[in-house]
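Just so you know, the sequence shown maps onto residues -1 to 374 in our numbering. In this text, a Cβ means the ideal position worked out from N, Cα and C, and glycines have one as well. The next block holds one structure in the form of structure tokens; read it before the comments.
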Amino acid sequence: MSISLKIPDNLLKFPRFLPNDIEDFISYYPNKYPGIIKKYEEVAEKYAMDPEGFSEYADSQKKELWDGFKKIETEYKNGNQSNLKFLVETDLRLNKLFCYRFWIVNYLFADGPIHEFYIDMMKHMIRKFVDVSGEAEEFEQKVLLVQRDLLQSDFADLYLQQALSGVKIIRLLENIPEFKEIYSEVLKLITDDVKENQKEINILWEELYPMIEHIKDTKNRESLIGELSIPLNLAKRYNKMLPLTNALTHAVEFRNENIELEKRYIGMTADIDRIFLQAKKVLSKEEYEVFEISYKQSRNFARYKDIIGAIDTELLPMWFDIHSKVIDILVKESPNLKIRSGGQGLLFYRLIWFLPAELKVSVMTPDLTPFDVKKT
């Protein structure tokens, strides 16, 4: 793609401000991990105008993020969780991983100036191809509607993915002969009163569980196992049926709402196709290319914020557990201390004040070592 679009050099520099940086990492990370500045600027220079390249980069970050987290998680579970030094060191390991493999994609790009630049460019192009007939107020309304559709994009966020998956699960339950009798009973119980009948519902789902592996139709069996992969894995890992029974009940209970969300999603993809056809008719070749890359990158940033952020369900409980243990130790040693909990950055903006001198130094000394997931 050969286009005249050029991102201003100042936007490729490390941001000084992030609008959604609740933990104020922009103040702590560049000082604690100075290498993040150069790393971000290298990535911005390389991928800011390359949607496909950015997508590949973000996928690699996701993989290393999970690899690093699993390594730290294993060592944390096997470590001495009553030792303050161990807890602080583990917290710092999480922060470094978070900084280099989460923060760049999820914050510096997704909430940063490059994303804002592309949204502005997209809005500018929309004004060029939206029908200008009618009153000025009507034109502005059309522009806003197109902006909304494109910014919402055809990407299914985690909530929508769950809804779409729920629809697929219901269709499979309805169409797999082995499940028809159980599904019919469960459907009636959920429709009558899901809370009142919860115990009976769970018993029926537990009867269904061992039957999944023996579904005769290979395609249906693989599809259902795929849609239920997370709750099935959780059920096996913890030897409890609750993750699976909850997932199945949720799919049935909200089947009508999920079908409506599916229709809206299908309609959204059709709307975006129409928008691009209109843009191609009106815009010049160069303008269309600017519009296309602006849309693709805006979509990328929103999409990967969700994809990278999916680790929160496993990462945050462990991180907050570390904070709780640190607070418990500190309060036990000094009963008069009042230490409030907080977010991921708690070590930097609150716990640091109460740590012993040697750990204060450890937290506040810049870490100049390049990030390597193998040495996480």
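Measure the C-alpha to C-alpha separation of Ala249 and Ile188 and round it to an integer number of angstroms. Distance between the alpha carbons of Ala249 and Ile188: 11 angstroms.
Quick check: Val296 and Tyr116, are their CB atoms within less than 9 angstroms of each other? Before going on, a small fix: residue 296 reads as Ser here, not Val. Cβ atoms of Ser296 and Tyr116: closer than 9 angstroms.
Distance CB(Leu162)-CB(Leu259) smaller than 9 angstroms: Between Leu162 and Leu259, the CB-CB gap stays under 9 angstroms.
So what's Asp129 in DSSP terms, helix, strand or just coil? Asp129 sits in coil when the DSSP states are folded into three classes, being neither helix nor strand.
To the nearest angstrom, how far is the alpha carbon of Ile325 from that of Lys217? If I take the Cα positions, the gap works out to 51 angstroms.
Which same chain residues, not among the five before or five after Leu281, have their C-beta less than 7 angstroms away from its C-beta? Closer than 7 angstroms at Cβ, skipping near neighbours: Met123, Lys126, Phe127 and Phe289.
Burial state of His212, where buried means 16 or more other Cβ atoms lie within 10 Å: Answer is exposed; the Cβ neighbour count stays below 16.
Just tell me which of Leu9, Glu136, Trp351 and Ser227 has its CA closest to the CA of Met47. In this structure, Leu9 is the residue among Leu9, Glu136, Trp351 and Ser227 with its C-alpha nearest to the C-alpha of Met47.
If we count the other Cβ atoms within 10 Å of its Cβ and call it buried at 16 or more, is Phe15 buried or exposed? Burial is judged here by how many other beta carbons sit within 10 angstroms of a residue's own beta carbon; Phe15 has fewer than 16 and is exposed.
Which ranges would you report for the alpha helix (DSSP H) in the region 80 to 132 if only whole runs of at least 4 residues count? Contiguous alpha helix (DSSP H) elements confined to the region 80 to 132 occur at 82 to 96 and 111 to 127, taking only those with 4 or more residues.
When you compare only the Cα positions, how much space is there between Ser0 and Lys283? Any reading at Ser0 must be qualified, since the residue scores a pLDDT of 46, below 50, and its modelled position is unreliable; the value itself is stated next. Going from the Cα of Ser0 to the Cα of Lys283 covers about 10 angstroms.
Grouping DSSP H, G and I as helix and E and B as strand, with all else coil, what is Arg338? DSSP places Arg338 in coil when its eight states are reduced to three.
Please work out which residues of its chain come closer than 6 angstroms, Cβ to Cβ, to Ile35, disregarding the five sequence neighbours upstream and downstream, and give them in chain order. Only Phe12 and Pro28 meet the Cβ criterion.
Limits of the unbroken alpha helix (DSSP H) element including Arg297: Here the alpha helix (DSSP H) through Arg297 covers Lys283 to Gly307.
When you compare only the Cα positions, how much space is there between Leu345 and Lys94? Taking the straight line joining both Cα atoms gives about 12 angstroms.
Please report the Cβ distance between Val192 and Glu255, rounded to the nearest whole angstrom; I am assuming they are in contact, meaning their Cβ atoms lie under 8 angstroms. About 14 angstroms separates the beta carbons of Val192 and Glu255, which is beyond the 8 angstroms limit, so they are not a contact pair.
Using only alpha-carbon positions, find the residue among Arg169, Phe274, Ser322 and Ala308 that is nearest to Asp57. Ranking Arg169, Phe274, Ser322 and Ala308 by CA distance to the CA of Asp57 puts Ala308 first.
In three-state terms, what does DSSP make of Lys214? In this structure, Lys214 counts as coil in the three-state DSSP scheme.
Looking at C-alpha atoms only, which residue of Asp269, Arg301 and Lys4 is the closest neighbour of Ala42? Ala42 has its Cα closest to that of Lys4, out of Asp269, Arg301 and Lys4.
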